[in-house]
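For the sequence shown, UniProt numbering begins at 1 and goes up steadily by one.
Note that CB positions come from ideal geometry on N, CA and C, so glycine has one too.
The next block holds one structure in the form of structure tokens; read it before the comments.
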Amino acid sequence: MNTQAIVAPVAGRDYPRNWNEFLDWFASEDACLGYLEKLRWPSGFVCPGCGVAEEPYRSNRARLMCRSCGRQSTVTAGTIFDKTRTPLRVWLAAAWYLTNQKQGVSALGLQRVLGLGSYQTAWTMLHRFRRAMVRPDRDRLKGRVEVDETYLAITDREESISPVGRKSKTTKVLVVLAVELLQPKGFGRIRLRRIENDSDACVVPFVQACIESGAQVRTDGSAAYRTLSALGYDHQRTVMLGSDVPAHVSMAGVHRVASLVKRWILGTHHGAVQPGHLDAYLDEFVFRFNLRTSRSRGMLFYRLLQQAVVTEPVTYSSVVNPLSNPAKQG
Ligand SMILES: [Zn+2]
1 MNTQAIVAPV AGRDYPRNWN EFLDWFASED ACLGYLEKLR WPSGFVCPGC
51 GVAEEPYRSN RARLMCRSCG RQSTVTAGTI FDKTRTPLRV WLAAAWYLTN
101 QKQGVSALGL QRVLGLGSYQ TAWTMLHRFR RAMVRPDRDR LKGRVEVDET
151 YLAITDREES ISPVGRKSKT TKVLVVLAVE LLQPKGFGRI RLRRIENDSD
201 ACVVPFVQAC IESGAQVRTD GSAAYRTLSA LGYDHQRTVM LGSDVPAHVS
251 MAGVHRVASL VKRWILGTHH GAVQPGHLDA YLDEFVFRFN LRTSRSRGML
301 FYRLLQQAVV TEPVTYSSVV NPLSNPAKQG
């Protein structure tokens, strides 16, 4: 059972209330390690080797040795911070800045505000954090859910690795959206995914992965969704053709979210996202959207780090070329 989800985190105890408090809490690498250790093992150290839960031997803050099997480990081993050469203070400051800006931050913006020597460091940190924004065990959407596709215009000029002098090319990529509808009004959680085309082979697996069986799924009249009833969904089709009701009224949730995603990609990221990296940006958008009602921005910082210490390390090459990682496909 995930006890972390049950106890609500408290500002000033579980995460800093503001930047001044942040500076107090994270004044040293040891302090950062201590914080991450508590997030990773909220009920105390558990040996990644033998699974025994017992206070480890400590040669210093970073090195932990299991009393039972003698295995040495570190707080950051097996997390997105694994083997990083960037100080944890910089990582935590990046997480704070990333989550405190309502619209997020571009790699160039992060490089400037943290005074990082290399653009590539900022870019890689942001992409590693994006990997931690999706919990693999997250619940599927339920109740009433709207599903539709939209095109996003992006330019192949992501800051990425060799930013200088490359000609940019605008591409339209198709994204499928799912938005929970609340009663009597308002939107719940969302899911987004880039798809190759609007065929049933692309949209149906998305619905099954993201929406609980038995939920009411509202789509337009597209034939791609025709198997949903047979798959156990209460499928409601809204046929637009010849209807007097404009699309933004009859499918208000997906249209609202689609316009917010477009504005975010164009605003914060100037539309400059390589198609192969789009899913990572969509993950960040979903993370922000689904936590939008949090009372404090610090809550997003806390959730991001909580997930970062249970997210497997990401190799640099799989960050640069996400399609080389089979797990991200489909
Ligand atoms: Zn052990």
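The three-state reading of DSSP puts His-235 in strand, counting E and B together.
According to the DSSP assignment, Tyr-151 belongs to no alpha helix (DSSP H) but to the beta strand (DSSP E) extending over 144-155. Your pair Leu-110 and Ala-122 checks out as a contact, with CB atoms roughly 4 Å apart and the cut at 8 Å.
Distances from the alpha-carbon of Asp-82 to those of Arg-256, Leu-33, Val-175 and Val-52 put Leu-33 closest.
Here Lys-172 is bridged, per DSSP, to Ala-153.
The beta strand (DSSP E) runs lying completely inside the segment 62-92 and spanning 3 residues or more are 63-65 and 72-74, given in chain order. Distance from the Cα of Glu-212 is smallest, within the candidate group Gly-221, Asp-220, His-235 and Ser-199, for His-235. In the DSSP assignment, Ala-132 is bridged to no other residue. Between Leu-174 and Tyr-151 the beta-carbon gap is near 6 Å, inside 8 Å, which marks them as a contact. In the DSSP assignment, the residues bridged to Ala-178 are Val-147 and Arg-191. Ranked by Cα distance from Gly-276, the options Thr-268, Ser-250 and Val-319 are led by Val-319. Inclusion of Gly-49 in the 7 Å shell around ligand 1 follows from its C-beta lying nearer than that to a non-hydrogen atom of the ligand. If you look at Gln-101, you'll find it isn't in any beta strand (DSSP E); DSSP assigns it neither H nor E.
Per the C-alpha coordinates, the member of Val-310, Gly-271 and Leu-260 positioned closest to Phe-289 is Leu-260.
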